[in-house]
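The structure appears below as structure tokens.
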Amino acid sequence: MASLSLPRVLQPRKSSLELERENFEKFQQVSISKAVNSIECPVKEKHVRSAIIGTFQEKNAQTFWDCVKRLPLEGNRIVAWKFCHVLHKILREGHESVVPLSQKHKERIRNIGKLWGHLRESYGKLIQQYTQLLIVKLDFHRRNPRFPGNLEVSKEELDAIGENNVNNYFEMAVEMFDYMDEVLALQSAIFGSLDMSRSNSMTSCGQCRLAPLIPCIQDSSQLYDYCVKILFKLHSELPADTLQGHRDRFLKQFKDLKQFYLSANTLQYFRNLIHIPPLPENPPNFLIQSEFLGYVTPVVRLPTDLEQSEADASEFVDVSDAGSPSGSLSGDLVDLSVPQPVPMAPPDEWSQRIERLHQENNKLRQDHHKFVDQLQVRIMDLENALATKDSELMQEKKLHEDLMHQTTADLMHQTTAAEKNDDAEKRAKAFEEKFLKLKEVYSKLREEHINLLRQKADVDKQLIGIQKASEDAEKRKEEAEAQLSEMVADHDKVLTLTKEIERSKRDMMERELKSQDQQQALQSLLEKAKSDLLEMELKNQDQQEALKRLLVACVREAEAIVERSIHEVDNPAISAVTCTPDYLGTLAVPLRDSVVELPALVPDSAKASSSYSSVFEKLVCHIIRVAHLSADYVLHAKATSNTSPDIELGEHMAEKCKVLGSSVLALLRGVREEADSSTVKELANTTVDRMDELANLLERLTGQIKGDSVEIIGDMVENELSNMDKAIEEAAKRIAEILSKSRARDSGIKLEVNEKILDTCTSLMLAIRILVQKARLLQAEIVAKGKGTATAKEFYKRNHQWTEGLISAAKAVAMGAKFLLTAADKVVSGEGKLESLIVASQEVAASTAQLVVASRVKASRDSLNLTALSQASRGVTQATGQVVATAKDCAQLIEENEELDVSGLTLHQAKRLEMDCQVKVLELEASLQQERQHLAALRRQHYQLAGDVEGWEIMDKP
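Residue numbers (this note's numbering): 26 to 983.
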């Protein structure tokens, strides 16, 4: 039994927790570096969200600040600005421990603001102002730790924070005013930094500045709400003169905040990113406590999918002319270089009308809700008074009945007491009169209550009418919005064309800046095009000529784009760029469609002078699309040719790329020279033929890269599945033979250990055999459903990537079964160790899991065979657990049987054995470290060969 002593266990050098921590830090570093980059564009929400989730995973912000240390905050103003934005969002939405942990970094934030504050223009003052806001926010949370980072607390929590102490509310209001001042100062600085030429709301640089206003709007709306509630509470307990300073400060902030929200609402950029609540026309009057009943909390709402909202917001052009408080946002109007559309109502006018109707509707609702609330309060008071009177009336009635009974009894028993009888009658009459009075009061109260209920019913009817009118107003609003959408769609057509023309003009200007004369000629051409387009409504033959000249300019620019791609084919720098054939195939479809559709848009030369206006927009957009798609296809085709193992084939593909580009140039030249539609169609057909030639070369390249493995993959999958079945059957038979030999050869504890181990291995092989059978049934179902009228081999060939994964999984199962058989044989024969059996069983479980995943990829969710396969997989998992548990129990049983007897040792012998054990421990630790290194190297090699069929064949050899 010495062979079953403590083994050398193969373990990785790093634990799973260490690897998980390392991967987490790498992922956080990538996300934060992508969010805080030097590109002047708004921060991507998905990267910020990853950083926020990271704070919840580690329950602090230590990793975030470690990553921040590597950012060039002092060297790039865009990085510093985006850092402030990301930090603001993490403080608001991160884990609750982020704010306390970030307190020690305030000095770093303050130094960044001081450094960039010396830069008086551009982002310098903005960064300084933003850092001041972040420091004030951290100070506010340090003084008020019960406020979370997002400032969201309920009314009960706000009361608990204030502890119903006037002094606490007084100081809290001052701190909130300080916080609000910094928010308003930052928004004023941002709006003041925008200009007409560069930083409007629909450019990347403008959105980079405007994006941090979203968390500022969230903070300011909550601060405004808490300030209103706190000031009403203070005015209910303190004299009005004492709070004069608070009221003055609130009124100033109310005006600035209202202007802030109005300015933000006029920008198209914010409309799909955040819903900004409207503030009332007049500020609350804190001297009248009843006004608090009509107060409505402003609620800021964000859409559920911010990434999609950002994509949608970037597709629109802000045509609003309402600017910031400094009036600098008029730059949001795009300078159109094309004729304006047919005169129609401006979208701003419709937007203002809709907003005004919406505000009036909200005000009407608030007034009626307030009136209903007052009536309900009055009804509750009257109901309470009526209940009190009812109680008093019942008491008096009961007392009256008692007195009547007592009086009757007295009359029966006191026949001779006439005077007493008179007194009783007087008392009864007095009680009767009091009862009648109470009854009269009750009747009046009841009538008043009924009248109030009737008034309430009338008010409810009025409210229903008002709600109906409100619904009608909402319908009219929706109709107006639909009309506005139609007008915006009409505008978008012109604006889309404008953006394409503006992009073309920018490219032309960049390329021709080398020559001053050419630049002046281009400018004169553009100015002349503008003047001709502006006069098109007055002179229709001049409009056609202007459109024609503009079309020629666009076609020339498209030709320049294609020519540049042809020249880049011969650029040595592109020889290192590669592209996959599959991706190049996806680029061919849109290019082919665009080339085929182009001739239908070109008017006949005889009618060209009068036909450009009808097809001008589509033709220009189509020409620009053909130019960009063809240039993109030519460059990616050249990159794909770099992957060819055959140099001649690669060079041939590169030549075909230039031929294709020349064909596209001829097509564009035909459009520019007003060739007949038939001629343009012939040129388009020639271009398609050139694409087909390049596609044929691409198929040859694909065949060279993939080889003939795809052709024989159908036979391979059947062979490997059969080999897997044979390997499992052979392993089951061999385990049974080993068990019979052990029973004939061994006895005692060794036989007991061998029987337990082999029994669990037999159960595991049985579970694997069931799983393989279920996998074969599911495989047959998948092939039968997916092949259609084709053969099974054609199905495997068509889905070769999935089939290769299935083959790999089948080989892994077969290899795992052999490994388990070898480990069990060695353990029973005394040459192996129990730990190798545990590793082998776990490897088998992992291999079967790979087979289940590979089979599940193409299976139907409602498949009964898939359900059976899942149950069989759970059976394999349970059997694996039994093998592991049995191996551990057997190891403990062996250790207990071989317990060292130290009762007869002397002091010298015990010390000598202790030193020998220490030496053995050091040797084992060194050997363990060496084996861990070997395991890591083997795993790296395994990962590299995991997707390669030849790799599995190499690992399958004995």
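Note that the Cβ used here is the ideal one computed from N, Cα and C, for glycine as well.
Query                                                                                                                                                                           : Result
Three-state secondary structure (DSSP) at His653?                                                                                                                               : helix
Just verifying my parser: in three-state terms, what is the DSSP assignment at Arg326?                                                                                          : strand
Just grab the DSSP bridge partners of His300 for me.                                                                                                                            : Arg326
Does the region 698-713 come into contact with the region 664-683, if we say contact requires no fewer than three beta-carbon pairs (one atom in each stretch) closer than 8 Å? : no
Report the rounded CA-to-CA distance for Ile489 versus Asn387, giving the unit in angstroms.                                                                                    : 15 Å
Quick check: the Cα distance between Leu644 and Cys682, rounded to an integer number of angstroms?                                                                              : 25 Å
With a 10 Å radius around its C-beta and 16 neighbouring C-beta atoms as the bar for buried, classify Met716 as buried or exposed.                                              : buried
Where Arg95 and Leu112 are concerned, what is the direct C-alpha to C-alpha distance, given to the nearest angstrom?                                                            : 15 Å
Helix, strand or coil for Gly187? Go by DSSP, reduced to three states.                                                                                                          : helix
Go ahead and pull the three-state DSSP assignment for Thr727.                                                                                                                   : helix
Could you check if Tyr249 is buried or exposed, using at least 16 other CB atoms within 10 Å of its CB as the buried criterion?                                                 : buried
Roughly how many angstroms lie between the CA atoms of Leu256 and Tyr320, to the nearest whole one?                                                                             : 13 Å
How should Ala412 be labelled, buried or exposed, when 16 other C-beta atoms within 10 angstroms of its C-beta is the threshold for buried?                                     : exposed
Pairing CB atoms from the region 888-908 with CB atoms from the region 853-860, are three or more of them under 8 Å?                                                            : no
With burial defined as no fewer than 16 other Cβ atoms inside 10 Å of the residue's Cβ, what is the status of Ser245: buried or exposed?                                        : buried
Should Phe285 and Gln212 be called a contact, given that it needs their Cβ atoms to be closer than 8 Å?                                                                         : yes
Under 8 Å between the Cβ atoms of Arg102 and Gly174?                                                                                                                            : no
In the DSSP assignment, the alpha helix (DSSP H) including Leu176 goes from what residue to what residue?                                                                       : Leu176 -> no alpha helix (DSSP H), and no H or E assigned at all.
Does the count of Cβ pairs from the region 603-617 and the region 708-726 closer than 8 Å reach three?                                                                          : yes
State the Cα-Cα distance for the pair Ile152 and Met678, rounded to the nearest angstrom.                                                                                       : 52 Å
Inspect the CB distances between the region 580-599 and the region 651-668 and report whether three or more fall short of 8 Å.                                                  : yes
Consult DSSP for Glu99 and reduce its assignment to one of helix, strand or coil.                                                                                               : coil
Val778 and Cys942: beta carbons closer than 8 Å?                                                                                                                                : no
On a CA-only basis, which of Asp184, Val325, Leu159 and Val161 is nearest Arg171? Give me that one, please.                                                                     : Asp184
Do you know whose CA, among Arg452, Asp784, His474 and Arg381, lies nearest Ile407's CA?                                                                                        : The sequence shown places Leu at residue 407, rather than the Ile named in the question. The candidate whose alpha carbon is nearest that of Leu407 is His474.
Within the same chain, show all residues whose beta-carbon is closer than 8 Å to that of Leu796, passing over the 5 residues directly before and after it, in chain order.      : Thr873, Leu876, Val877, Leu894, Ala897, Ser898, Gly900 and Val901
Taking just the CA atoms, how far does Lys663 sit from Ala598?                                                                                                                  : 12 Å
Hey, would you say Gly830 sits closer than 8 Å to Phe820, going by beta carbons?                                                                                                : no
From Asn710 to Val621, what distance separates their C-alpha atoms?                                                                                                             : 7 Å
Drop a sphere of 10 angstroms on the beta-carbon of Ile591, count the other beta-carbons inside from all chains shown, and report buried for 16 or more, exposed for fewer.     : buried
Can you tell me whether Asn225 is buried or exposed? The criterion is at least 16 other CB atoms within 10 Å of its CB, across all chains shown.                                : buried
May I ask which residues mark the beginning and end of the alpha helix (DSSP H) holding Gln54?                                                                                  : Ser41 to Ala60
How many Å lie between Leu616 and Glu70 at the Cα?                                                                                                                              : 33 Å
Just to check my reading of the structure: Ile57 and Phe89 have Cβ atoms closer than 8 Å, yes? What is that Cβ distance to the nearest angstrom?                                : 7 Å
Using three-state DSSP, classify Val577 as helix, strand or coil.                                                                                                               : helix
For the alpha helix (DSSP H) containing Glu699, list its first residue and its last residue.                                                                                    : It is not in any alpha helix (DSSP H) - Glu699 carries neither H nor E in the DSSP assignment.
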